[in-house]
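Have a look at the structure below, then the notes.
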Amino acid sequence: MILASPSTRAQSHLRPLNVFHDLPAVADLIELCFSSTMDNDGRRYLQDMRRAGKDNSFVKWASQTIETASLPLTGFVWEEGGKIIGNVSLIPFRHGSQKVYLIANVAVHPERRRQGIAQALTRQALQQARAKKATSTWLHVREDNPHAIDLYAKLGFKERAKRTTWQALTSKDAILQSDITVTGRFSNDWQTQLNWLKRFYPDFLAWHRTWNFSSLRPGFWNWLYLLFIDLRVRQWSAQKNGVFEAALAWIPSGRGEGLFAAIGSRSSPEALTTLLLQARRDLAPAHPKIILEFPAGEFDQAIHAAGFQALRTLIWMQAT
Ligand SMILES: CC(C)(COP(=O)(O)OP(=O)(O)OC[C@H]1O[C@@H](n2cnc3c(N)ncnc32)[C@H](O)[C@@H]1OP(=O)(O)O)[C@@H](O)C(=O)NCCC(=O)NCCS
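Residue numbers for the sequence shown, in this note's numbering: 2 to 321.
So this is what it looks like as C-alpha cells:
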C-alpha cells in the first residue's frame, strides 16, 4: 500500500478496538510501553484484560455493563500488518446527568514513535466522545512525562488539577506526641469540614469518585444509611486548644481504600500529620497499605512527616 499523507495513513490503519480479539495484544503493548512506571494496580489491570481476552463470555457481560466497567472496552487501535502498534482507550463514567469520558492507555510501540500515531488515536477518541455527546472529556498524565503532556496540549487539553498519590504502611507503632487532640469520630463542625473537603476534592472531579461528601456527614440518619449500604467509613478529627483543626476519613471504595483529608489554610499542618499517623495506627494490621490522594504541593511536608511516600503526581487535563 502506498501511504500518501499522514491523514490517509491514519485512515488505513486506525480502527475501533475489537474487544473480542484485541485485548491480549493491547495488554502486551501497554505492558511494553508502561513497564517503567507500572505498579501492582497496573499489573492487576493487565491481568484482567488478558483474562477478558481469553473468555468471551466475560467480555460480552462486561460490554453490557459498559457504563460502569473500567476495562478498556471501547477505544481505537493502530494496526500494521496484523500487529497492534498503537492504542487508546475511552472509558465512560456516569455522574448524575453527566456523561464523562476518560481517555487512557495512550501507547505507541517504541519503534513507531514520533510519526503522529498517538496524535491520530487521541484525536479519534476525542471525536468519538463528542459524537456520544460527552459532557466533558478528561485524561490524566504523570507530571514526569513531558512528551505526553505536549501531545495533549497540542490537541487542546488544558491542565485543571495536579494531584499526588501518597502511600503509607500501617503500623501499631505509628504515633506522634503533640498538643493536638484526636478523636476517632465525626467532627462536630460539619460545615467547616465540608468547605475544606470541597477545596481539596473539587466538584469538577466528582465524576471520578465512587462516594460523595454526604457519607461523611455526622448524625444518626447517616450512620444508619452507612450501616444499611455496608460502607465502613472511619473518621478522625483533630483539635488544638479546643479549636477544630482538621479531619480525616477513610472510605473503602470500589477502586481501593482511600483516605480523604480536610484541613483549613490557617490550621496547623501538625494536625494533619497527627491524623495521618493515627490512621496508620488504627487501620493496622487489617489494612497493610493506605492511600491518600491530595493536591500536589499542598501540605507535602505534613504528609511526608506522617511516613507517607509520594507514589506519583498526575496532571488532570480536560478537553476544551
Ligand atoms: C507518549 C506516546 C504515546 C507518544 O506517541 P507518538 O506516536 O510517538 O506521538 P506523536 O508522534 O503523535 O507525537 C505528537 C506530539 O507529542 C510530542 N511528543 C511525543 N513524543 C515526543 C518525544 N519523544 N519528544 C518530544 N516530543 C514528543 C510532540 O509534541 C509531538 O509532536 P511533533 O512530533 O509534531 O513534535 C509514546 O511515546 C508512548 O507510548 N510512550 C509510553 C507510554 C506513555 O507515556 N503514554 C502516555 C500516557 S498519558
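Beta carbons are placed, not taken as given, at the ideal position from N, Cα and C, and that holds for glycine.
On a predicted model such as this, the values are computed, not experimentally measured, just so you know.
Pairwise C-alpha distance: residue j and residue i
i      : j      : result
Pro93  : Ile181 : 43 Å
Thr123 : Ser269 : 44 Å
Gly308 : Gly54  : 40 Å
Leu103 : Arg200 : 22 Å
Asp174 : Arg282 : 7 Å
Lys84  : Phe205 : 38 Å
Val244 : Arg16  : 59 Å
Ile264 : Ala272 : 8 Å
Ser216 : Leu232 : 9 Å
Val27  : Thr38  : 17 Å
Ser1   : Gln116 : Not covered by the structure: residue 1. The range shown for the chain is 2 to 321.
Arg267 : Asp29  : 49 Å
His148 : Cys34  : 14 Å
Ser36  : Phe229 : 41 Å
Leu277 : Ala169 : 9 Å
Val183 : Asn189 : 13 Å
Val178 : Leu249 : It should be pointed out that residue 178 corresponds to Gln in this sequence rather than to Val. Cα to Cα, the separation comes out at about 18 Å.
Gln48  : Asp40  : 13 Å
Asp42  : Thr193 : 34 Å
Asn242 : Ile176 : 20 Å
Residue i, buried or exposed, once every other Cβ within 10 Å from all chains shown has been counted against 16
i      : result
Phe221 : exposed
Arg45  : exposed
Thr275 : buried
Thr165 : buried
Asn88  : buried
Ile291 : buried
Ala121 : buried
Ile304 : buried
Phe295 : buried
Ser98  : exposed
Leu18  : buried
Trp224 : exposed
Ala323 : Lying outside 2 to 321, the shown extent of the chain, residue 323 is not represented and no answer is given.
Ala239 : buried
Contacting residues, own chain, Cβ-Cβ under 7 Å from residue i (five flanking each side not counted)
i      : result
Glu81  : His14
Phe300 : Ile264, Pro270, Leu273
Gln129 : Leu91
Phe214 : Leu195, Leu198
Asp23  : Val78, Ile85
Ala306 : Thr274
Ala311 : Thr165, Trp167
Spatial neighbours of residue i in its chain, beta-carbon cut-off 6 Å, leaving aside the 5 residues before and after
i      : result
Lys100 : Ala135, Thr136
Ile31  : Asn106, Ala108
Leu293 : Trp167, Leu260
Ala162 : Trp317
Gln302 : none
Ile86  : Trp79, His110, Arg113
Thr321 : Gly157, Lys159
Pro203 : none
Gly323 : Nothing can be reported for residue 323, as the shown portion of the chain is limited to 2 through 321.
Cβ distance (whole Å) where residue i is taken to contact residue j below 8 Å
i      : j      : result
His141 : Ile316 : 7 Å
Gln319 : Lys159 : 6 Å
Ala126 : Leu152 : Not confirmed; about 12 Å, so no contact.
Trp191 : Arg210 : Actually they do not touch by this definition, with Cβ atoms about 18 Å apart.
Pro289 : Thr171 : 6 Å
Trp212 : Arg235 : The Cβ separation is near 13 Å, so there is no contact.
Ala247 : Ala262 : 7 Å
Gly298 : Trp237 : With a Cβ gap of about 24 Å, Gly298 and Trp237 do not count as contacting.
Check: residue i C-beta below 6 Å from any heavy atom of ligand 3
i      : result
Ala175 : The model on display carries ligand 1 but not ligand 3.
Spatial neighbours of residue i in its chain, beta-carbon cut-off 8 Å, leaving aside the 5 residues before and after
i      : result
Asn146 : none
Val60  : Val20, Phe21, Leu24, Ala53, Gly54, Leu74
Chain D contact for residue i (CB, 7 Å cutoff)
i      : result
Leu249 : Of the protein chains in this structure there is only one, and it is not chain D.
- Quick one, what's near ligand 1 if you take every residue whose CB is closer than 6 Å to any heavy atom, in chain order? Cys34, Phe35, Val107, Ala108, Val109, Arg114, Arg115, Gln116, Gly117, Ile118, Ala119, Gln120, Val142, Asn146, His148, Ala149, Asp151, Leu152, Lys155
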